Amino acid sequence: MKPTKEQITELVSRTLIAAGSTFREDKKQAYRTAIARETNPQAKWVMETILANADAAERNQSPLCDDSGIPHTVLEIGEDVAVTGAMLDAIREGIATGLRKLPGRPMGIMGDDTQRIDQSGGLDPDSAGVAPAPFLIRKTKENVLRLHIMMFGGGPAIRAKTYRVFHKHNVDVVLNEIIDWSKEAVAQLGCSPCTLAVGVGRSHFEATAMMLEALADGCYSQQSEMERRITEAVNASNIGALGLHGDTSVLATFMKVGPQRASGVRVVCVRPCCCFEPRIATVDLLQNDSCQ
Amino acid sequence: MCIELTTPLSEEAVASLNVGDMIYLSGEIFCGRDAVLPKLSAMSQQEIRTLLGKDLQGGVMFHTAVSPAGVGPTSSNKLEIESSIAPLSAKGIKLHLGKGALHSDTVRALQQHNAVYAVIPPVTALLGQQTLAQTVAAFPELGMEALHLLKVDRYPAIIAAAKGRSIYE
Chain A
12 MKPTKEQITE LVSRTLIAAG STFREDKKQA YRTAIARETN PQAKWVMETI LANADAAERN
72 QSPLCDDSGI PHTVLEIGED VAVTGAMLDA IREGIATGLR KLPGRPMGIM GDDTQRIDQS
132 GGLDPDSAGV APAPFLIRKT KENVLRLHIM MFGGGPAIRA KTYRVFHKHN VDVVLNEIID
192 WSKEAVAQLG CSPCTLAVGV GRSHFEATAM MLEALADGCY SQQSEMERRI TEAVNASNIG
252 ALGLHGDTSV LATFMKVGPQ RASGVRVVCV RPCCCFEPRI ATVDLLQNDS CQ
Chain B
140 MCIELTTPLS EEAVASLNVG DMIYLSGEIF CGRDAVLPKL SAMSQQEIRT LLGKDLQGGV
200 MFHTAVSPAG VGPTSSNKLE IESSIAPLSA KGIKLHLGKG ALHSDTVRAL QQHNAVYAVI
260 PPVTALLGQQ TLAQTVAAFP ELGMEALHLL KVDRYPAIIA AAKGRSIYE
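Protein chains in written order, with my numbering: chain A, 12 to 303; chain B, 140 to 308.
Okay, structure coming up:
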């Protein structure tokens, strides 16, 4: 059954609030595991505080972090599901409503192209002035219209990197480059332990899209061999929570490898997601499922 | 065990702090970041007293915006923020609160003024529960980046630079 505009707006609003205020259970468990094995008392204390913060944010339905983030979305469209422009507008309206209710930090910049670059147009006082990033749309075989909302903060955006890697026909070359980039980025980020989001594609756009899909699909309790190898290598660098040294710099790695071209080059995107990210929640707009 | 600190911080209390100490911070603290800290740094002691009705002696400066979403540390090693640490320490700020590693010059400047730097986890929801009051202290035209004054109860933090040493060494 096609949902009404009002139903979509309400569901999306609730999903955005959940994304900005809630850790999924697998993330909570990843923190509990990291806390149990941490040997640095300061790092252990930081992670305990981060987990207590998640409990408080979930209870209050309030932001996990004052940088409440820029909404990024992945929309999965089932085989026989029709999506109209009006439905996309309803999703945007739900995002705006959710940002006002959370409330998100009012950090949208007003003005023309020049003013938005140099910030001379001033700040929009409305939390909903933070426009979502362009939607990423993909097909699924399930009969759903599933929306993932992720809230991306500024720190990881500063330290993320998308660049070419000459692979020399050896996967180790690419993985070692990812590990080197990640060590540098996690050390600079400050808000660790991180979740590393990695995409590999044929262009900068595709690599970034793969990175976003990796976050939408990722699960802390299910790690591939490549994901585990990256996580363990970065953790061996002893950066630790908040950069204070310790055993856990990275909770997990979420990686997606897209189609590749016959070439000596792979384009790799690495985003060192902060201790709260991916700040994700998911809803099926057809089934009226509750947010998860 | 955590050390309880209440503002204004005495010279003795600050001198007793060491890298790695875990603290709970209570009392009134200032909040500012990229936009307001260079303005405050450029002012004389007299101008600050005129602006705020008091001086900065024994004060704490939390590197954060204050918005409807709450408070949380921004990176203290951003140019406009880190360059404020030495001049504001000279004017009486005893504890700078933020996140990220500082340059060695800044760590030495803190030592010179018997001041310290602490990192605070970005735990906005918890900090919201432990914020008792907030007012705009100066430069209201800067909105969420104005100089704010918070009254807080037991903000958690870790001493990251003191006595010329850094936890990031």
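Just so it is clear, CB atoms sit at the ideal spot from N, CA and C, and this is done for glycine as well.
These numbers were taken from a predicted model, which means no experiment stands behind them.
Residues that DSSP places opposite residue i in a beta bridge
| i | result |
| --- | --- |
| A:Q233 | A:C230 |
| B:F169 | B:M200, B:L288 |
| B:S222 | Answer is none; B:S222 lacks a bridge partner. |
| A:D295 | A:R157 |
| B:Q273 | B:L289 |
| A:V276 | A:F177 |
| A:F265 | A:A208 |
| B:G209 | B:S206 |
Minimum C-alpha distance to residue i - residue among the options
| i | options | result |
| --- | --- | --- |
| B:T203 | B:V258, B:A300, B:E143 | B:V258 |
| A:L226 | A:L207, A:S235, A:V261, A:G109 | A:L207 |
| B:L144 | B:Q251, B:G197, B:S206, B:K178 | B:G197 |
| A:C76 | B:F169, B:A225, B:L266, B:C141 | B:L266 |
| A:Y42 | A:A30, A:V57, A:A29 | A:V57 |
| A:A68 | A:G80, A:I28, A:K38, A:V92 | A:I28 |
| B:H242 | B:S206, B:P147, B:R304 | B:R304 |
| A:E59 | A:A107, A:L253, A:S79 | A:L253 |
| A:G269 | A:Q126, A:G210, A:G275, A:A198 | A:G210 |
| B:L281 | B:K178, B:N157, B:S155, B:V153 | B:K178 |
| A:Y174 | A:M161, A:T219, A:V141, A:E195 | A:T219 |
| A:V245 | A:L200, A:C202, A:D191 | A:D191 |
| A:A101 | A:K194, A:Q18, A:F287, A:G275 | A:Q18 |
Cα-Cα separation, residue i to residue j
| i | j | result |
| --- | --- | --- |
| A:G229 | B:L218 | 35 Å |
| A:I169 | A:K55 | 26 Å |
| A:T293 | B:M182 | 50 Å |
| A:C285 | A:G164 | 8 Å |
| A:N187 | A:V279 | 12 Å |
| B:D160 | B:C141 | 7 Å |
| B:G209 | B:E284 | 12 Å |
| A:M221 | A:T84 | 13 Å |
| B:P147 | B:Q268 | 22 Å |
| B:S215 | B:L234 | 13 Å |
| A:L99 | A:I106 | 11 Å |
| B:G166 | A:T26 | 37 Å |
| A:I148 | A:L158 | 9 Å |
| A:L296 | A:R35 | 19 Å |
Within 8 Å, strictly: CB atoms of residue i and residue j
| i | j | result |
| --- | --- | --- |
| B:A301 | B:I162 | no |
| A:P82 | A:P136 | no |
| B:H287 | B:A272 | no |
| A:G122 | A:S131 | yes |
| A:R282 | A:P167 | yes |
| A:K151 | A:I250 | Checking the sequence, you will find Thr at residue 151 of chain A rather than Lys. Going by C-beta atoms, A:T151 is not nearer than 8 Å to A:I250. |
| B:I187 | B:K238 | no |
| A:N154 | A:D91 | yes |
| A:R277 | A:V176 | yes |
| B:I306 | B:V199 | no |
| B:I298 | B:V255 | yes |
Distance cut-off 7 Å: residue i Cβ against heavy atoms of the ligand ATP
| i | result |
| --- | --- |
| A:K55 | Judged by which ligands are present, the structure shown has none, so any question about the ligand ATP falls away. |
- Query: Does the stretch 177-194 of chain A come close enough to the stretch 103-114 of chain A to have 3 or more Cβ pairs within less than 8 Å?
  - Reply: By the Cβ criterion, the stretch 177-194 of chain A is not in contact with the stretch 103-114 of chain A, since fewer than three pairs of Cβ atoms, one from each stretch, lie closer than 8 Å.
Count the C-beta pairs between the stretch 218-227 of chain B and the stretch 166-176 of chain B that are closer than 8 Å, then say yes if the count reaches three, no if not. Touching, yes, given that three or more Cβ pairs across the two stretches are closer than 8 Å.
Exercise. Pairing CB atoms from the stretch 43-53 of chain A with CB atoms from the stretch 256-267 of chain A, are three or more of them under 8 Å?
Worked result: Taking 8 Å as the limit for Cβ pairs, the verdict is that the stretch 256-267 of chain A does touch the stretch 43-53 of chain A.
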